[in-house]
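Since the structure comes first, as structure tokens, the remarks are kept for the end.
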């Protein structure tokens, strides 16, 4: 779900360097790194803007220069322990004109306050049926990687810009809630009580996404400058 169209309280020296790089890549203040040490994790993920019940499935479609991109996202019955925390496993498969181009397993967990954390991903890009790259794969607790927030417990337009993932030099996406109380229409239907985030990266200035999350459903639309991904169908929610 941190896919892009073809998402501790004391800073280490390496993190400080990353924040300096962030300023070089973005005109605004650097994102904050959420303090995972203060989080108490619970079973499952039921934040209304990012619900992940086992068996839930979302299908999205986007049209681009290379053809029609179809994205299928499913919450699997299995779990994964990431740095001591039991995470929900979400599989995200991207096909273009019927051929798999990316397959990803994302790991999420929720804390007792209702914040949803992104703990890592195992991803593979395919060409002609072969895995050719695992760029972007990371896991909390390995090689300095730290978790980020994918959804705050109480989304508000307050200027808070937070890391959604952090592995220095490889995964540094950030998000900010920029609108609430929206109504959004996509092929799957019209949804109310939606929020909008602006997602950027301290590593890639070209990353410029707006995501729409609706209560009881999750992500319904992703907008980029040259493409829009919209929800076609949803089940199991």
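Numbering (our numbering), first residue to last: 37 to 273. The beta carbon of each residue, even a glycine, is placed where N, CA and C say it ideally should be. Nothing here was measured: the structure is a model prediction, and the numbers come from that model.
Contact check, residue i vs residue j, beta carbons under 9 Å
i: residue 85; j: residue 251; result: yes
i: residue 169; j: residue 208; result: no
i: residue 96; j: residue 255; result: yes
i: residue 157; j: residue 173; result: yes
i: residue 72; j: residue 153; result: yes
i: residue 107; j: residue 130; result: yes
i: residue 202; j: residue 147; result: no
Beta bridge counterpart(s) of residue i as assigned by DSSP
i: residue 178; result: In the DSSP output, where bridge partners are listed per residue, residue 178 has none listed.
i: residue 127; result: 110, 141
i: residue 232; result: 215, 248
i: residue 158; result: 141
i: residue 225; result: 222
i: residue 254; result: 250
Backbone secondary structure at residue i - three-state DSSP
i: residue 72; result: helix
i: residue 202; result: strand
i: residue 99; result: strand
i: residue 184; result: strand
i: residue 267; result: strand
i: residue 86; result: coil
i: residue 169; result: strand
Whole-angstrom distance between residue j and residue i, CA atom to CA atom
i: residue 124; j: residue 81; result: 7 Å
i: residue 79; j: residue 143; result: 13 Å
i: residue 244; j: residue 235; result: 6 Å
i: residue 133; j: residue 114; result: 29 Å
i: residue 272; j: residue 239; result: 35 Å
i: residue 197; j: residue 164; result: 38 Å
i: residue 128; j: residue 67; result: 26 Å
i: residue 193; j: residue 112; result: 32 Å
i: residue 216; j: residue 257; result: 14 Å
i: residue 58; j: residue 162; result: Because residue 58 carries a pLDDT of 41, less than 50, the predicted location of this residue cannot be relied on, and the following value inherits that uncertainty. Cα to Cα, residue 58 sits roughly 30 Å from residue 162.
i: residue 151; j: residue 102; result: 36 Å
i: residue 219; j: residue 98; result: 20 Å
Distance between beta carbons of residue j and residue i, contact taken as under 8 Å
i: residue 69; j: residue 155; result: Not a contact, Cβ separation roughly 14 Å.
i: residue 233; j: residue 260; result: Not confirmed; about 13 Å, so no contact.
i: residue 249; j: residue 187; result: 7 Å
i: residue 126; j: residue 88; result: 6 Å
i: residue 109; j: residue 145; result: Actually they do not touch by this definition, with Cβ atoms about 17 Å apart.
i: residue 185; j: residue 224; result: Going by Cβ atoms, the distance from residue 185 to residue 224 rounds to 26 Å, so no, they are not a contact pair.
Contact with chain D by residue i, beta-carbon distance below 9 Å
i: residue 268; result: The chain labelled as chain D is not found in the depicted structure, where only one protein chain is given.
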